[in-house]
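In the working numbering, the protein residues as written are 1 to 202.
Okay, structure first, notes after.
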């Protein structure tokens, strides 16, 4: 417990910035955190949304000197920080922890390759369908055949996840709503036809 430093962050607090020194990594204890990549012209794209139990700053594991992304709190959240030296000392004494980390990193890499391979071949509408279907699988709850997304995202955040403009995201969501594929209540999205989304996102 002494090796872990816990901190509280308010919504939109920046936890670390791309290019900052990388002395260790973080674990999300509560709330949600988004990883951002910023282009030269200041445009932001969400790389990933992290939930409780997930790791931030994994550059630490391959001897990274600096963070490769910016991390920002999406909600009020609690974050645990572990220094690199402390972590490697722990896994040296507890190989089972190292095994779990390797498995987690392997899954992360596999998901990244899958995302790049899939999203690179899709148009904006297909990307939106793929995203909603994936979010439904990862963060949804089944309510009589309809999938309720247990993840509150703004239109801007959805656009940043897809690398499209906010206006395009709004137009596509309205299109899916008009087609009866989804239902929208403020920030809440209910997927009425996951099968159609899956087909559209292929």
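Using N, Cα and C, we set each Cβ at its ideal position, and we do this for glycine too.
Backbone CA spacing between residue 96 and residue 34 [nearest angstrom]
In the chain shown, counting from the first residue as 1, residue 96 sits at position 96. In the chain shown, counting from the first residue as 1, residue 34 sits at position 34. Across the structure, residue 96 and residue 34 are spaced so that their CA atoms are roughly 28 Å apart.
Given a cut-off of 7 Å, decide if residue 148 and residue 141 are closer than it, judged by their beta-carbon atoms.
For the purposes of this step, residue 141 is taken as residue 141 along the chain shown, with counting starting at 1. For the purposes of this step, residue 148 is taken as residue 148 along the chain shown, with counting starting at 1. The answer is yes: Cβ separation under 7 Å.
Contact between the stretch 63-82 and the stretch 119-128: three or more CB pairs below 8 Å?
In short, these stretches do not touch, since the Cβ pair count stays below three.
Among the residues of its own chain, which have a CB less than 6 Å from the CB of residue 17, if the five just before and after it don't count?
Against the chain shown, residue 17 aligns to sequence position 17. Once the five neighbours on either side are set aside, the close Cβ partners of residue 17 are 70.
So, using beta-carbon positions, are residue 128 and residue 161 closer together than 7 Å?
Locating residue 128 in the chain shown gives position 128, where the first residue counts as 1. Locating residue 161 in the chain shown gives position 161, where the first residue counts as 1. No, the pair does not count as a contact, with Cβ atoms beyond the cut-off.
Can you tell me whether residue 195 is buried or exposed, with buried defined as 16 or more other CB within 10 angstroms of its CB?
For the purposes of this step, residue 195 is identified with residue 195 of the chain shown, where counting begins at 1. Label assigned to residue 195: exposed.
Between the alpha carbons of residue 192 and residue 78, how many angstroms are there, rounded?
As a first step, residue 192 is located in the chain shown; it is residue number 192 there, counting from the start. As a first step, residue 78 is located in the chain shown; it is residue number 78 there, counting from the start. Roughly 33 Å separates the two Cα atoms.
C-alpha distance - residue 38 paired with residue 94, whole-angstrom precision
On the chain shown, residue 38 is found 38 positions in, with the first residue counted as 1. On the chain shown, residue 94 is found 94 positions in, with the first residue counted as 1. The alpha-carbon atoms of residue 38 and residue 94 are separated by roughly 37 Å.
Determine the contact status of residue 50 and residue 27, defining contact as a CB-CB distance below 7 Å.
To locate residue 50, count along the chain shown from 1; it is residue 50. To locate residue 27, count along the chain shown from 1; it is residue 27. In this structure, residue 50 keeps its C-beta atom at 7 Å or more from the C-beta atom of residue 27.
DSSP three-state call for residue 165: helix, strand or coil?
The sequence position of residue 165 within the chain shown is 165, counting from 1. Residue 165: coil per DSSP, three-state reduction.
Please classify residue 26: does DSSP put it in a helix, a strand, or coil?
In the chain shown, the residue the question calls residue 26 occupies position 26. Three-state result, residue 26: strand.
So, at 6 Å on beta carbons, what are the nonlocal neighbours of residue 158 in its own chain, with the 5 sequence-adjacent residues on each side left out?
Here residue 158 refers to the residue found at position 158 when the chain shown is read from its first residue. Non-local C-beta neighbours of residue 158 in its own chain, meaning closer than 6 Å and more than five positions away in sequence, comprise 169, ordered along the chain.
To the nearest angstrom, how far is it from the Cα of residue 174 to the Cα of residue 87?
Along the chain shown, one-based indexing puts residue 174 at 174. Along the chain shown, one-based indexing puts residue 87 at 87. The alpha-carbon atoms of residue 174 and residue 87 are separated by roughly 47 Å.
Reduced DSSP category for residue 140 - H, G, I as helix; E, B as strand; rest coil:
Numbered from 1 along the chain shown, position 140 holds the residue referred to as residue 140. Strand at residue 140.
Alpha carbons only, please: which of 202, 108, 15, 190 is nearest the one belonging to residue 74?
Taking the chain shown and counting its residues from 1, the one referred to as residue 74 is at position 74. Ranking the options by Cα distance to residue 74, first place goes to 15.
Quick one: what's residue 35 bridged to in DSSP?
The count along the chain shown starts at 1 and reaches residue 35 at position 35. According to DSSP, residue pairing for residue 35 in a beta bridge involves 48, 71.
Cβ atoms of residue 24 and residue 82: under 7 Å apart, would you say?
Looking up residue 82 in the chain shown gives position 82. Looking up residue 24 in the chain shown gives position 24. Yes, the pair counts as a contact, with Cβ atoms nearer than the cut-off.
Residue 166 versus residue 156: straight-line alpha-carbon distance, rounded:
The residue labelled residue 166 in the question sits at position 166 within the chain shown. The residue labelled residue 156 in the question sits at position 156 within the chain shown. Roughly 5 Å separates the two Cα atoms.
By a C-beta neighbour count over all protein chains shown, 10 Å radius and 16 as the cutoff for buried, is residue 201 buried or exposed?
The residue you call residue 201 lines up with position 201 of the chain shown. Buried.
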